Amino acid sequence: MESFTKHSLKRSTSSNGWIKSHIFLSIVALVLGILTLRGVVGAMLTGNPFSVKQIFYSAVGSSVKMDAYEHTNILLIGVGGEGHDGENLTDTMIVASLNHNDNLVSMISIPRDLYVENEMVGWGTRLNSIYEYILDDTDDPALAMDELKTEIEDILDVDIHYYAKIDFQGFEEVVDALGGVTVDVDQTIIDDAYPAAAGSDYLFDPFYLQAGTQELDGETALKYVRSRHNTSDFDRAARQQQMLEALKNKALSMGVLANPAKIKDVYWAISRNFETDMSLTEIVSLVEFAEKLTGDSVLSAVLNEEANKMGGFLYTPPREEGDPYVLVPYTESFIELQLFAQLFFYHPEIYADKVAIQVLNGTKAESIAGLTKMYLVRYGFNVVNYGNAATAGVEKTRIIPLRNGINDEEVNRNIQILPSLTQGEIMNEVPPEYAPAVWPTEAEVIIELGEDFVDFYEENDELFYLGVY
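Encoded structure:
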């Protein structure tokens, strides 16, 4: 499918069951490591911070690896660690793309139960078991991690430059070293099947957390990001990314940065439980990048099985009794995941601006507007409504900017990718039938589907699904 190749998605110049369930993955290991180092540097260089810091960065830092778009992509891994069942299962995996041009971090959580066929393992398996299988077979952690990185590179079609790995103990110790974290709990968590700690006389350690703003210590924070009994793996992945933001905010607070003792505690918590293939000089070089991050600098997404939501490209196939729970793509390939990664990492304006889109059916085909809405929503576009076009029998698909027309910079930069996804042509003017006086809508862009889109739809029908199998 030519229009979906990586080449066609070059970045625009306008802008850039519960089986051995373990862990919260942590960008903590990377970002908090960087932020801690930032605090150490700041504490050391109090005399003339700006000039001396630049000397420090120049002397100690080295350039990090980047792809053609000046992004550094890091695989963030969480494992249970020593003393936990399945201690080497990578139950949390996040690819974080550091955008050096726009000072953004975009994160995609990959579900542990994604089914893959890995040549080195020798059979089909869950993604989270690749590292464990190869480590057990070869006793070579570097080889095992390289193979996991390669597998995820193939899934998302992105280069992964580094990895960072942390375990249970490290996460708890980091949170406690920071003095706890504050999170907004969306819904009350009641988990009667939360696993008891190793060595306990009980199988379960029931966990309850009331909805609302909560202050969490390390132990409770770990339960918050691990629990899934009355929610799902995908809810848990979203909580993990929420926790990353909370940890970043706490680490950047003056209560931490101005407290050398706290900085030291965080540093030791990370150093005891953290592993990466980045050199110290490469980590130092990211200090300046971390300092530029703000509250709006992090975008996050979770690959999931809800076909009407962003990232909903997966489903659970029928299985016989005793078969493991796995997730597979609807398309039986990774093409949608790869396109989504390209959009999410290299076109962040789509997700930051959330330009409102209306999809209208100008064809004789039924239900095509609704299916197209879901198709675009899965890639993260903000489709606010859909329906019939002003007239039927439209020949050519049109992309119509409404808010100040094509001259609106925010709208314009968001619609440049739509022709590749819809085969539509961007219009320079608003047609009379869609003038505000005759076509009231909350949308900022209309996609009017023409008969040419029907051909595209029929050629790529595997991309248009309701999510019911």
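In terms of our numbering, the sequence shown opens at residue 505 and continues consecutively.
No residue lacks a Cβ here, since even glycine has one placed at the ideal position from N, Cα and C.
Quick caveat: nothing in here was measured; it's all calculated off a predicted structure.
Unbroken stretches of the beta strand (DSSP E), 3 residues or longer, contained in the stretch 880-931: 886-892 and 902-905
DSSP-derived helix/strand/coil call for Glu621: Here residue 621 corresponds to residue number 117 of the sequence shown, with the count starting at 1. In this structure, Glu621 counts as strand in the three-state DSSP scheme.
Host beta strand (DSSP E) of Met611 (start-end): Walking along the sequence shown from the start, residue 611 turns up at place 107. Element bounds for Met611: Leu608 to Ile614.
Close Cβ partners of Leu652 (< 6 Å) along its chain, the five nearest in sequence each way excluded: Within the sequence shown, the letter at position 148 stands for residue 652. Once the five neighbours on either side are set aside, the close Cβ partners of Leu652 are Ile634 and Tyr635.
Under the three-state DSSP convention, the category Arg630 falls into: Position 126 of the sequence shown, counting from 1, holds the residue named residue 630. The answer is strand: DSSP assigns Arg630 an E or B state.
Validate contact between the stretch 608-626 and the stretch 797-814 using beta carbons, cut 8 Å, 3 pairs: yes
For Phe960 and Asn865, the rounded distance between their alpha carbons: As a working mapping, residue 865 is identified with position 361 in the sequence shown. As a working mapping, residue 960 is identified with position 456 in the sequence shown. Answer to the nearest angstrom: the Cα atoms are 14 Å apart.
Own chain partners of Ala741 with C-beta closer than 6 Å, once the 5 adjacent residues on each side are dropped: In the sequence shown, the residue the question calls residue 741 occupies position 237. Around Ala741: Ser613 and Val806.
Alpha helix (DSSP H) segments (min. 4 residues) lying fully within the stretch 801-889: 839-850, 853-857 and 872-882
Burial state of Phe849 (16 or more Cβ within 10 Å): What you label residue 849 is simply residue 345 of the sequence shown in a count that begins at 1. So Phe849 ends up on the buried side.
Gly582, DSSP secondary structure in three states: The residue given as residue 582 occupies position 78 in the sequence shown. In the structure shown, Gly582 sits in a strand (DSSP, three-state: E or B).
Ala533 versus Ile598: straight-line alpha-carbon distance, rounded: Translated into the one-based positions of the sequence shown, residue 533 becomes position 29. Translated into the one-based positions of the sequence shown, residue 598 becomes position 94. For Ala533, the predicted structure reports a pLDDT of 44, less than 50, and the residue's modelled location is therefore unreliable. The matter cannot be settled from this model.
Sheet register partners of Met597 (DSSP bridge): By one-based count along the sequence shown, residue 597 stands at place 93. Ile581 and Ile614.
Outcome for Pro699 when other beta-carbon atoms lying within 10 angstroms are tallied against a minimum of 16: What you label residue 699 is simply residue 195 of the sequence shown in a count that begins at 1. So Pro699 counts as buried.
Contact under 9 Å by Cβ, Gln714 with Asp688: As a position in the sequence shown, residue 714 is number 210, starting the count at 1. As a position in the sequence shown, residue 688 is number 184, starting the count at 1. No, Cβ-Cβ distance for Gln714 and Asp688 is not below 9 Å.
Pick from Asn763, Pro822, Val958 and Ala893 that is closest to Ala869, judged by C-alpha positions: Position 365 of the sequence shown, counting from 1, holds the residue named residue 869. Of the listed residues, the one whose Cα sits closest to Ala869 is Val958.
Which residues DSSP lists as bridging Thr717, in chain order: Here the question's residue 717 lines up with position 213 in the sequence shown. Answer by DSSP bridge pairing, in chain order: Asp688.
Among Val863, Asp912 and Ala697, nearest to Tyr938 - alpha-carbon criterion: Residue numbering aside, residue 938 sits at position 434 when the sequence shown is read from its first letter. Here the closest residue by C-alpha is Val863.
Test item: CB-CB of Val662 and Ser704 under 9 Å: If you number the sequence shown from 1, residue 662 lands on position 158. If you number the sequence shown from 1, residue 704 lands on position 200. Their beta carbons are not under 9 Å apart, which means Val662 does not touch Ser704 by this criterion.
Nearest-angstrom Cα separation, counted from Arg902 out to Asp721: For the purposes of this step, residue 721 is taken as the residue at position 217 of the sequence shown. For the purposes of this step, residue 902 is taken as the residue at position 398 of the sequence shown. If I take the Cα positions, the gap works out to 53 Å.
Minimum Cβ-Cβ distance from Asn777 to chain C less than 9 Å: The chain labelled as chain C is not found in the depicted structure, where only one protein chain is given.
Exposure of Val859, with buried meaning 16 or more beta-carbon neighbours within 10 Å: Reading the sequence shown from its first residue, position 355 is the one you call residue 859. It is buried - the Cβ of Val859 has at least 16 other Cβ atoms within 10 Å.
Distance between beta carbons of Ile854 and Leu906, contact taken as under 8 Å: Position 402 of the sequence shown, counting from 1, holds the residue named residue 906. Position 350 of the sequence shown, counting from 1, holds the residue named residue 854. About 17 Å; that fails the 8 Å criterion.
Sufficient close CB pairs (3 or more, under 8 Å) joining the stretch 669-684 to the stretch 770-783: yes
Span of the beta strand (DSSP E) around Ile670: In the sequence shown, counting from the first residue as 1, residue 670 sits at position 166. That run of the beta strand (DSSP E) goes Tyr666 to Asp671.
Check whether Asn607 and Ser801 have beta carbons under 9 Å apart: Within the sequence shown, the letter at position 103 stands for residue 607. Within the sequence shown, the letter at position 297 stands for residue 801. Yes.
Cβ neighbour criterion (16 or more within 10 Å) applied to Leu618: The residue given as residue 618 occupies position 114 in the sequence shown. Leu618 should be labelled buried.
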